[in-house]
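Using full-length UniProt numbering, the first residue of the sequence shown is number 1, and each one after it goes up by one.
Okay, so here's the structure we're looking at.
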Amino acid sequence: ASSPPRLPPIGRYIQPQEVAGLVDFLLSPAAAAITGQQLVMCGGASLS
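If you want it as structure tokens, here you go:
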């Protein structure tokens with residue numbers, strides 16, 4: 001029997017609307033100075 005997948009450190013999975021919020025920000029004038037970045041939305045999983 002396989003064990004259930006572990007949740008990220010924030011205790012839940014990222015929701016689609018959270019990804020959409022980031023995309024909305026990146027497309028806005030407020031993000032004009034952000035170039036060539038890799039943004040990871042993993043709920044802290046990359047820290048563990």
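For every residue, glycine included, the Cβ atom is placed at its ideal position computed from N, Cα and C.
Remark: C-beta atoms of G43 and R12 approach each other more closely than 8 angstroms. Residue state for A45 is assigned as helix, using DSSP reduced to three classes. Residues of the same chain with a CB within less than 7 angstroms of the CB of E18, apart from the 5 flanking positions on each side, are M41 in chain order.
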